[in-house]
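Okay, structure first, notes after.
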DNA sequence: CGCTAACCGAGACGGTACGTCCCGTCTTTAC
DNA sequence: GTAAAGACGGGACGTACCGTCTCGGTTAGCG
C-alpha cells in the first residue's frame, strides 16, 4: 500500500482519491510543523484537512507512514544547485543551502520527529536513511571532484569530509541551542578541507 | 520561628524517597532503551520498578520530566579520558570513546528520544543542550591545544573542527544505517584536521 | 441547503448506539443491585457489558448520569394493578405489590443508592422525586375514592394516608432489619384507615 | 475495635487520645454535613481536624466506622420529650420533634449517607438499625398507652401506627422534594389514628 | 442519462495510557 | 512512646487518541 515510487497500474484513478491525498498530506505537514511529532494526532490532521479519519487510514496504514509519505513531498523542493563554478564554490553553495534548510523550514521542524520515528519503525527508518543518502550524494560528488582537480588536499576522504560538513550542521540543529548559520559555511569548509 | 537555634527546617529526608527515585530512574532508563520514547509508558516503568504509578507522579510531574531526570543520571558515566600523550593521540582516544558510546550504550539508545523530547519540552531541551556543551568541551580543548603546539594546522577553528568530528559520528548514528565505528576514528581525524 | 426538498437532516441514527445503550444499562442495573452504589464502578460495568470504557463515557457524562438513566429503565415494569373490586380490595392489592417490590427486586436493591445519589446530584434527585410522585398517585387516587364511597372514614386525608402506608413499607426497608411483608398489608391498612 | 457501646477497661486513657477523638468526630460531622457522603474523604477530615491521617486510622478501622461513630455523638442531643400531658399531646410533641429533626439538622443531612452505607457495611447497618429501634421506642410506647387509655382506637397496632407516622416523615425527606413540616403533625396523627 | 460501485464524512467501537485523587497501610522523625 | 507528616502500592476516575469498523450519502464513470 502506498509505495513511495509506485506507478498505478490503472491509467486513471478516481480523482477524489488524489485530491484526498493532497489535502491530507498538506494538512499533515502543517500539523507536524506546528505541533511537532509528539502532539501530532491523526484526528487533528483529519479535522484540519476537513476529512474523515477513515479516509486517512484508507490511504496510509498508520501515523508513521503518513508522516513518512508527507516527508517525500518535501523532497521535490530540493534540487537547488547548479553546476557552474569551481568545486569549492559549488561546495559552498551546497553547504549554505543545507544550512538554510536545517536552520528553518518545515523539513527542519520535522527532523527530530523523523529521527525518533525511524528508531521505532523499520519502514520509516529505511525511508529516512535512503532519503539522507540520496541528499548526501551531490556533496560527496563535488568533494571527490575537488580532490581530483586538486582544489582539495589529496588525503581527503570525500565521504568522511561530507559527513563532517553535514554532521556539523545537523549536530548544531539537534544538540545545541544555536543552529548553524549559512555565513559560517566558508569557515567550516576551510577548517575541514583546508583553505584554498 | 519554631526552632530556637535557627536550625535548618529539614535536615534529612525520608530514606524511602531516595530509594524510590533510584529504582524508578533505573527502570525508566531500561525501559527507554528497550522500547524507545514512542512506546515509553509510565505504567510500564511502574511495573518494571515494582512501584505504584502514583509513586512516580509523586516525584515527577509527568513523563517528560521523568525522562529528563533519567538522562541526568547518565551524566556520571562520562569522564573517560586521561591526560597522557600528544594532542593527536588524546584526540583520537576521545573520538574513539565517543564513537563507542554512540555506537552502543543506553545513552545511545536514548538519543533519539532525547532529541525528540527536547523539541517539545523546554526543560528537557535545556538539559540536553547543557549536557552536550559540557561533554563537548574536552574535545575542543584538546584541538585548541594541538593547534597551539603545531600538531594541527594553524587555520583550524577548534570549535568547528570539534563540531565536524562529533557531527560525523552523530550523523552516522541518526541519519544512516551504518554507525560510525571506532576504527575509522584515525581516518576521520586525518580528513578533518589533515594528517600528521 | 443540500437537500432540495427540506428533508430532515438525520432521520435515523446508527443502530449500534441503541444496542450499546441497552447492553450498558442492563449491566449497570445488575452491577448496582449486586455491589451497590458505593462499589459501583464504570470499569466493572464496562467489563460486565463487554464494552470499552470509552463507549460508556461516549453516552453518559459520568457515573451518576449513567445510574440515573439506568433507573429510568425500571420505570416500565410498574403498572401492576387492575380496576376491579372495592377501593379497600384494590388498595390492599396495591400495598401488597409495593411491599413485594420493596422487599426484593432490582429496584429495591437500588433504592439506597438512589437516595444517596439524589442527595448529591440535582438531575438524579429530580428524576427520583418525579418518579416517586408518579408511582404514588394510584394509591392516593384509590384512597380518595374510598373516602368518597364511604369505605374509609371521612376524616382521612388521602395524601397523608398514602404517605403513611408507603412510608411504613419504605421505613422498614431502609431503617430496620426486618422488611415489611405483604401479609401484613391488611393489618397496616386497618391501623391507618380503620377496619371495614 | 471501636465498638459503639464499649466501655474501656482501663480507667484512665491518655488524654491526648480522647482529645483527638473529639476533634476528629466533630470534623467528620462537619465534613459530612457540608459535602455529603459521596465527597467525604478521610484526608479532608484529617486536614479539617488538624490531624494526621494515621491518627484517624488508629482509632477507626475505616471510613464507615468513623461515620457510624460520628452518628453516635448525635444521639446525645436527642431526648427532647417530657412526660406531661395526654398521650395524644405527647404523641404530637414527639412527631413534631421528629419532623423538625428530619427537616433540617446535621443528622438529617447524613441520613442518606447512613442508609447507603448501611447497605454495604454490616457493622454500620447494625448500628443504624439498633439506633433507629431505640429512637422509635418512645413513640410506640405512647401510642400503646393511648390505646390502653382509650385515647386511640382499640384496633390500632401501636407498632404499625408508629411505623406509619415515622414512615410518612422519612418518606417525605427521602423520596420527595417537599419535606414534612411540623405543622402537619396534627393532621397526620388524625389521619392515621383517627381524630380525638 | 441512469446505475452501481467506489469513495467519502462522520463518528461509534474496544482499547490503552494518561495524569489525578483518594484509599488504607506503613515508615520516619519530632516532640 | 505517641502523634504529625506523609510516602507507599493500589485502583477508579474521566480524558484523549489509537486504529478498526459500520453507517448512510455523494460522486464518478461505465454502459
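Residue numbers (the working numbering), protein chains in the order written: chain A, 14 to 209; chain B, 14 to 209; chain C, 14 to 209; chain D, 14 to 209. Note that CB positions come from ideal geometry on N, CA and C, so glycine has one too.
Is DSSP giving residue i helix, strand or coil here?
i             : result
residue 20/C  : Low confidence applies here, because residue 20/C scores a pLDDT of 34, under 50, leaving its location unreliable; read the following figure in that light. Of the three classes helix, strand and coil, the one that applies to residue 20/C here is coil, per DSSP.
residue 97/A  : coil
residue 64/A  : coil
residue 70/A  : helix
residue 167/B : coil
residue 82/A  : helix
residue 207/B : coil
residue 49/B  : coil
residue 192/C : coil
residue 26/B  : coil
residue 54/D  : coil
residue 75/B  : coil
In terms of alpha-carbon separation, which member of the options lies closest to residue i?
i             : options                       : result
residue 161/C : 148/C, 126/C and 101/C        : 101/C
residue 170/A : 196/A, 137/A, 193/A and 207/A : 207/A
residue 138/C : 190/D, 180/D and 137/D        : 190/D
residue 34/C  : 80/C, 49/C, 52/C and 51/C     : 80/C
residue 159/B : 172/B, 147/B and 148/B        : 172/B
residue 78/D  : 63/D, 121/D and 141/D         : 141/D
residue 60/B  : 49/B, 43/B and 135/B          : 43/B
residue 69/C  : 187/C, 105/C, 32/C and 132/C  : 32/C
residue 105/C : 153/C, 135/C and 145/C        : 153/C
residue 83/B  : 145/B, 41/B and 55/B          : 41/B
residue 178/A : 107/A, 49/A and 46/A          : 107/A
residue 53/C  : 133/D, 156/D and 155/D        : 133/D
residue 86/B  : 113/B, 63/B, 38/B and 58/B    : 38/B
residue 131/C : 135/D, 186/D and 114/D        : 186/D
residue 147/A : 58/A, 175/A and 197/A         : 175/A
residue 199/D : 47/D, 110/D and 58/D          : 110/D
residue 193/A : 28/A, 57/A, 143/A and 113/A   : 113/A
residue 99/A  : 143/A, 67/A, 151/A and 155/A  : 155/A
Using a beta-carbon distance below 8 Å, is residue i in contact with chain D?
i             : result
residue 204/C : yes
residue 132/C : yes
residue 183/C : yes
residue 104/C : no
Looking at chain A, is there any beta carbon in it that lies within less than 8 Å of the beta carbon of residue i?
i             : result
residue 145/B : yes
residue 216/B : The requested residue 216/B does not occur in the structure, where chain B is confined to residues 14 to 209.
residue 208/B : yes
residue 198/B : no
residue 128/B : yes
residue 43/B  : no
residue 177/B : yes
Examine chain B for any beta-carbon lying closer than 8 Å to the beta-carbon of residue i, and answer yes or no.
i             : result
residue 40/A  : no
residue 142/A : yes
residue 201/A : yes
residue 79/A  : no
So with Cβ pairs under 8 Å, would you call residue i a contact of chain C?
i             : result
residue 163/D : no
residue 112/D : no
residue 53/D  : no
residue 167/D : no
residue 125/D : yes
residue 190/D : yes
residue 174/D : yes
residue 33/D  : no
Would you list, in sequence order, the uninterrupted alpha helix (DSSP H) runs of no fewer than 4 residues that lie entirely inside the region 109-136 of chain C? 119-133
Do the region 111-129 of chain C and the region 61-76 of chain C touch if we need at least three Cβ pairs shorter than 8 Å? no
Inter-stretch contact (C-beta, 8 Å, three-pair minimum) for the region 125-134 of chain B and the region 192-206 of chain B: no
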